[in-house]
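Everything below concerns the one structure shown next.
Numbering (our numbering), first residue to last: 38 to 341.
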């Protein structure tokens, strides 16, 4: 059975004269003044009806403190296991018993038991304390974010229209399997030829003519899907899929018509760059560098 707190620690818990060590010391002091958080964590970790036999392992306190180190340094579990073995400051902060060197798997197995709600509860306690002691006013909040690659192809208007037709054709094939009497002519082959022609043609007039035909086919199939959705409302899963894709396809048709046919400029904030990753955003770093990103996404993109 796990103990809640480490019974005895060395008097040299954090003895390094360094800014980070002092910061960890303050965090440690705050945790000592709020021992109720150990009860919250214990409720997540400690199994019920557990006998007082066997090895004790890491204490509840050590698990919580190791989890804080994991997030403080943004380490992996392998890195956490190494630094808990190598660093006296980190071992002292975690209050690991002597001769206990937990492996990455043991750390992950214990720390992952702490629920997200418990971490949020601890954070709320910390914020309330900072407000009460006037260490923080919370009038100004800074949000840091990172971006990662968005898994989409280059957002050409022609490829987006091709994606739209491909998705709707699959939906109509599914609809015909559900209702064989349903009439539908697949235009996917001619649409694919138009997409290829747009990429390979030279001259704005030819490209504009191809775009008009491609938009015409896309709008026609969209209308068929819309009619099918109204006629067969009992297909709840099919209707839900159509209700999801049709508004996005409408945006694709609109922006393609504005950009490729009418020659208008569409703002980056208004442009839909993917039918399958609709949350993808365009990040403009400067006039010569355009990039794509989801809310936590970054990827090279083309505006062709």
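Positions of the beta carbon are idealized from the N, C-alpha and C atoms, including for glycine.
Residue range of the unbroken alpha helix (DSSP H) whose run includes residue i
| i | result |
| --- | --- |
| residue 268 | 241–268 |
| residue 114 | 114–123 |
| residue 98 | 97–110 |
| residue 306 | It is not in any alpha helix (DSSP H) - residue 306 carries neither H nor E in the DSSP assignment. |
| residue 175 | Segment: none, residue 175 is in no alpha helix (DSSP H) and carries neither H nor E. |
| residue 225 | 225–237 |
| residue 59 | 56–69 |
| residue 77 | 73–82 |
Reduced DSSP secondary structure (H/G/I, E/B, other) of residue i
| i | result |
| --- | --- |
| residue 274 | helix |
| residue 151 | coil |
| residue 211 | helix |
| residue 186 | coil |
| residue 319 | strand |
| residue 40 | coil |
| residue 220 | coil |
| residue 191 | coil |
| residue 132 | coil |
| residue 301 | coil |
| residue 198 | helix |
| residue 282 | helix |
| residue 144 | helix |
| residue 314 | coil |
| residue 94 | coil |
Other residues of its chain near residue i: CB distance less than 6 Å, five sequence neighbours each side excluded
| i | result |
| --- | --- |
| residue 161 | none |
| residue 279 | 262 and 266 |
| residue 167 | 173 |
Own chain partners of residue i with C-beta closer than 7 Å, once the 5 adjacent residues on each side are dropped
| i | result |
| --- | --- |
| residue 118 | 139, 140, 141 and 144 |
| residue 201 | 255, 286, 289 and 312 |
Own chain residues within Cβ distance below 8 Å of residue i, not counting five before or after
| i | result |
| --- | --- |
| residue 97 | 39, 40, 41, 42, 75, 78, 79, 82 and 83 |
| residue 307 | 292 |
Option nearest residue i by Cα separation, candidates the options
| i | options | result |
| --- | --- | --- |
| residue 315 | 295, 289, 302 and 298 | 289 |
| residue 210 | 265, 151 and 298 | 265 |
| residue 94 | 147, 170 and 176 | 147 |
| residue 100 | 291, 150, 205 and 282 | 150 |
| residue 223 | 194, 295 and 204 | 204 |
| residue 59 | 102, 122, 130 and 111 | 130 |
| residue 248 | 109, 270, 198 and 112 | 198 |
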